[in-house]
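There are 2 protein chains.
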Amino acid sequence: MLAARKSPKRRATKLRDPERTRERLLQAASREIYRSGFQSASLDIILASIGVTKGALYYHFKNKEALGYAVVEEVIAPDVHGKWVRPLQSVKDPIDALIGAVQRIPVRLVDVRGGCQLNNLAQEMSPLDAGFRKRLAIVFDAWRKAVASTLREGQTHGSVRRDVGPTDAAGLLIAMVEGYGSLAKNAQDPKVMKAGIRNIVDWLRSLRAPDNRQRG
Amino acid sequence: MLAARKSPKRRATKLRDPERTRERLLQAASREIYRSGFQSASLDIILASIGVTKGALYYHFKNKEALGYAVVEEVIAPDVHGKWVRPLQSVKDPIDALIGAVQRIPVRLVDVRGGCQLNNLAQEMSPLDAGFRKRLAIVFDAWRKAVASTLREGQTHGSVRRDVGPTDAAGLLIAMVEGYGSLAKNAQDPKVMKAGIRNIVDWLRSLRAPDNRQRG
DNA sequence: CTGCCAACATACCAACCAGTATGTATGGTA
DNA sequence: TACCATACATACTGGTTGGTATGTTGGCAG
Numbered sequence: 062m063l064a065a066r067k068s069p070k071r072r073a074t075k076l077r078d079p080e081r082t083r084e085r086l087l088q089a090a091s092r093e094i095y096r097s098g099f100q101s102a103s104l105d106i107i108l109a110s111i112g113v114t115k116g117a118l119y120y121h122f123k124n125k126e127a128l129g130y131a132v133v134e135e136v137i138a139p140d141v142h143g144k145w146v147r148p149l150q151s152v153k154d155p156i157d158a159l160i161g162a163v164q165r166i167p168v169r170l171v172d173v174r175g176g177c178q179l180n181n182l183a184q185e186m187s188p189l190d191a192g193f194r195k196r197l198a199i200v201f202d203a204w205r206k207a208v209a210s211t212l213r214e215g216q217t218h219g220s221v222r223r224d225v226g227p228t229d230a231a232g233l234l235i236a237m238v239e240g241y242g243s244l245a246k247n248a249q250d251p252k253v254m255k256a257g258i259r260n261i262v263d264w265l266r267s268l269r270a271p272d273n274r275q276r277g
Numbered sequence: 062m063l064a065a066r067k068s069p070k071r072r073a074t075k076l077r078d079p080e081r082t083r084e085r086l087l088q089a090a091s092r093e094i095y096r097s098g099f100q101s102a103s104l105d106i107i108l109a110s111i112g113v114t115k116g117a118l119y120y121h122f123k124n125k126e127a128l129g130y131a132v133v134e135e136v137i138a139p140d141v142h143g144k145w146v147r148p149l150q151s152v153k154d155p156i157d158a159l160i161g162a163v164q165r166i167p168v169r170l171v172d173v174r175g176g177c178q179l180n181n182l183a184q185e186m187s188p189l190d191a192g193f194r195k196r197l198a199i200v201f202d203a204w205r206k207a208v209a210s211t212l213r214e215g216q217t218h219g220s221v222r223r224d225v226g227p228t229d230a231a232g233l234l235i236a237m238v239e240g241y242g243s244l245a246k247n248a249q250d251p252k253v254m255k256a257g258i259r260n261i262v263d264w265l266r267s268l269r270a271p272d273n274r275q276r277g
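Those protein sequences? They're chains A and B, same order as listed.
So the first sequence is numbered by my numbering: it starts at 62 and just counts up by one.
So the second sequence is numbered by my numbering: it starts at 62 and just counts up by one.
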């Protein structure tokens, strides 16, 4: 009761911080789902990893499903947005921006091993759960539309070839990124991802309009 | 432990057919793993689906892991071999053969929904289990090598452009196939896969040597 | 100081899991 | 006929799962 062995003298404004607890739950769940998949992710392990109990979890989330949905909407979606939507907004050279985004894909062994959070969850849960599929499809759509609109803008400014379909090309880009990610994850080898990125970058360069005054 | 079961005499009527039971177990396990993933695949459900019990399962397989390994080696590997290795052996036009293989990818809703057995299992288990990863890598390697050697043969015969790296192109082909398969699976929409196949076929055509006397 | 409610912790549950120990019928062999 | 390994079926286990019911504490309103 009075044995304040853990609490320091300097009081924070709040000993309980429900918003922070919720955020930590989301992050821990995201990590465990990333490692084991949603179905095999154990709530007990998630809770133990941040030192809270069932009470905290079921106070903030209705059930495991709701926790998974929140991970998609509040962890994965913002991550994709930060990597593939924001960097492509109002750029002067869409091709360079796309190449930059592709080259910023993490290629360390630890990154390649786990694969893509979005793709992992989509592969596992889309056929099994409509709620996951719907939320994940929103993220994929945002990704594809961001790439497509960047390409379209490049076409109006003359830096992107006119004979490529923006939506088609965006789909192909995502397919290549996810496909190489899968191969690299299975091989557990960063070299596979690096070679894939080179191929994707080469393909992106081929989308550039040939007769455009660029820097020599 | 595998007992040497060489059947000296083929009986016309067998009430017990251990080889057939083993095969049915493999097929049932393959179906359930395809639906739910390996970790979430319930042995009880697998057994109930073919009307056998634990005794039969653990007579033929040491444990669940061994059952999964056998599915890779005896179900998935032969399937990939039949679709991507055998059709590419000693063909007169490699590009046509590859286009044929790509166009033979199932695109019905039921096929697209489940995704690719090989990729599904690889995505789930490669980071978690070295035994799965090793066996699945063998299948991926056989696939990639079959495509690469076909392309290489086409280069020696002059039907394939000399400036493409066969291994690189084979990796790209597989990445595109798996990538589009992932997108289509998540979208639960055959149109996504069909559009992807068109893009892959277009890319394959671009690999053909330009100045080669072909049928007009 | 006193309620009082948010924000958890604790204890517990039925269902399910992979795996095992043991029972049993079958068909071939001696 | 007697025997016996094979090829399963049956019954059971300890451990884990997501979920719940209830207890407890901190901090603010009054």
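Note that beta-carbon positions come from the ideal geometry of N, C-alpha and C, so glycine has one too.
Quick caveat, the model's predicted, so the values are computed rather than measured.
Three-state secondary structure assigned by DSSP to residue i
i        : result
Val221/A : strand
Tyr95/B  : helix
Lys67/A  : Because the pLDDT at Lys67/A is just 31, under 50, the model does not fix this residue reliably, and the value given afterwards should be weighed accordingly. Correct three-state label for Lys67/A: coil.
Ala213/A : A small correction: the amino acid at residue 213/A is Arg; Ala does not occupy that position in the sequence shown. The answer is helix: DSSP assigns Arg213/A an H, G or I state.
Val169/B : The sequence shown places Arg at residue 169/B, not Val. Arg169/B falls in the coil class under three-state DSSP.
Asn247/B : helix
Residue j beta carbon less than 9 Å from that of residue i
i        : j        : result
Ile111/B : Ala131/B : no
Pro188/B : Gly257/A : no
Gly279/A : Tyr120/B : There is simply no residue 279/A to check, as chain A begins at 62 and stops at 277 in what is shown.
Asp182/A : Ile137/A : The sequence shown places Leu at residue 182/A, not Asp. Yes, these two residues count as a Cβ contact at 9 Å.
Val271/A : Thr211/A : The question names Val, but residue 271/A is Pro in the sequence shown. Cβ atoms of Pro271/A and Thr211/A: not closer than 9 Å.
Leu159/B : Val208/B : yes
Glu93/A  : Ile107/A : yes
Arg174/B : Lys246/B : yes
Gly98/A  : Gly98/B  : yes
Gln100/A : Gln184/B : no
Leu104/B : Asp140/B : no
Met254/B : Met237/A : no
Spatially closest choice to residue i from the options, by CA coordinates
i        : options                                : result
Asp190/A : Gln249/B, Leu104/B, Arg269/B, Ala162/B : Gln249/B
Leu118/A : Gly161/A, Val152/A, Glu80/A            : Glu80/A
Arg266/B : Val168/B, Gly161/B, Gly232/B, Glu185/B : Gly161/B
Asp157/A : Leu87/A, Gly215/A, Val141/A            : Gly215/A
Phe122/B : Ser101/B, Leu86/B, Lys153/B, Leu233/B  : Leu86/B
Asp224/A : Leu268/A, Gln100/A, Arg169/A           : Leu268/A
Val133/B : Val163/B, Asp263/B, Leu197/B, Arg169/B : Leu197/B
Arg169/B : Leu233/B, Gln184/B, Lys252/B           : Lys252/B
Leu233/A : Ile261/A, Gly192/A, Ala102/A, Gln178/A : Ile261/A
Arg259/B : Ala230/A, Ser243/A, Val238/A           : Ala230/A
Arg95/A  : Gly226/B, Asp263/B, Met186/B, Met237/B : Note on identity: in this sequence residue 95/A is Tyr, with Arg being the wrong assignment. When each option's Cα is compared against that of Tyr95/A, the closest is Met186/B.
Ser151/B : Ser243/B, Met254/B, His218/B, Gly226/B : His218/B
Trp264/A : Val171/A, Ile199/A, Arg213/A, Val163/A : Val163/A
Glu84/A  : Lys115/A, Ala102/A, Glu135/A           : Glu135/A
Ser220/B : Lys153/B, Thr82/B, Ala102/B            : Lys153/B
Segment contact flag, the segment 192-211 of chain A with the segment 133-149 of chain A, C-beta cutoff 8 Å, min 3 pairs:
yes
Using a Cβ-Cβ cut-off of less than 7 Å, give me the residues of the segment 182-197 of chain B that come near chain A, in sequence order.
Ala183, Gln184, Glu185, Ser187, Pro188, Arg194, Leu197
For the segment 217-239 of chain B, enumerate the residues whose C-beta is nearer than 8 Å to any C-beta of chain A, in chain order.
Asp229, Gly232, Leu233, Ile235, Ala236, Met237, Val238, Glu239
Closer than 8 Å, Cβ to any Cβ of chain B: which residues of the segment 160-179 of chain A, in chain order?
Arg174, Gly175, Gly176
What are the residues in the segment 249-267 of chain B lying within 8 Å of chain A by C-beta distance?
Gln249, Val253, Ala256, Gly257, Asn260
Counting only Cβ-Cβ distances shorter than 9 Å, please list the residues of the segment 96-113 of chain A near chain B, keeping chain order.
Arg96, Ser97, Gly98, Gln100, Ser101
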